[in-house]
């Protein structure tokens, strides 16, 4: 990995439970490397033989950046997740699958945090510091 920012990913490999943090860190690295467009833009169609050179260059650029993005993703996953995603052809497919696998977990965690905050009340004889720590845990 060429970027100094990639250290963020190396220190926080995707294990499943940390999907949101890992995805946020991945997007930081891909944005810095100017590769994040492969997650939002589809692969350009294969140009015909008589197409202008610009179309071939655009396709080659997209393929190269997609491969780089996929390598960032694979290199920073657990071995089990790597094996599950090695047959995917685009970084977007991998990220969509990750969202399917762990997206519901995220919604559930947010719902639990909101419920906890809504039910959080200062109790008699409990130090404020403990209450603040409890609230901070819901927010993190």
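Numbering (UniProt numbering), first residue to last: 1 to 140.
Think of the CB as a built atom: it goes at the ideal place given N, C-alpha and C, for glycine as much as any other residue.
Whole-angstrom C-beta distance between residue j and residue i, which should lie under 8 Å
{"i": "residue 76", "j": "residue 10", "result": "7 Å"}
{"i": "residue 57", "j": "residue 29", "result": "Incorrect: roughly 25 Å between the Cβ atoms, too far for contact."}
{"i": "residue 59", "j": "residue 48", "result": "Not a contact, Cβ separation roughly 12 Å."}
Element boundaries [alpha helix (DSSP H), containing residue i]
{"i": "residue 60", "result": "53–75"}
{"i": "residue 128", "result": "128–139"}
{"i": "residue 83", "result": "79–85"}
Nonlocal neighbours in the same chain, by C-beta distance under 8 Å from residue i, ignoring five residues either side
{"i": "residue 12", "result": "18, 21, 22, 25, 76"}
{"i": "residue 123", "result": "131"}
{"i": "residue 88", "result": "70, 94, 97"}
{"i": "residue 139", "result": "113, 117"}
Cβ neighbours of residue i in the same chain (closer than 6 Å, five flanking residues each side left out)
{"i": "residue 62", "result": "43, 44"}
{"i": "residue 102", "result": "19"}
{"i": "residue 65", "result": "35, 38"}
7 Å Cβ shell around residue i - same chain, five flanking residues per side excluded
{"i": "residue 73", "result": "26, 91, 94"}
4-residue-minimum alpha helix (DSSP H) runs that sit fully inside the region 16–42, ordered along the chain: Within the region 16–42, the runs of alpha helix (DSSP H) that reach at least 4 residues and sit entirely inside it are, in chain order, 19–33, 37–40.
Inter-stretch contact (C-beta, 8 Å, three-pair minimum) for the region 87–97 and the region 105–122: Not touching, per the Cβ criterion.
Inter-stretch contact at 8 Å, needing at least 3 Cβ pairs: the region 69–87 / the region 123–135: Not touching, per the Cβ criterion.
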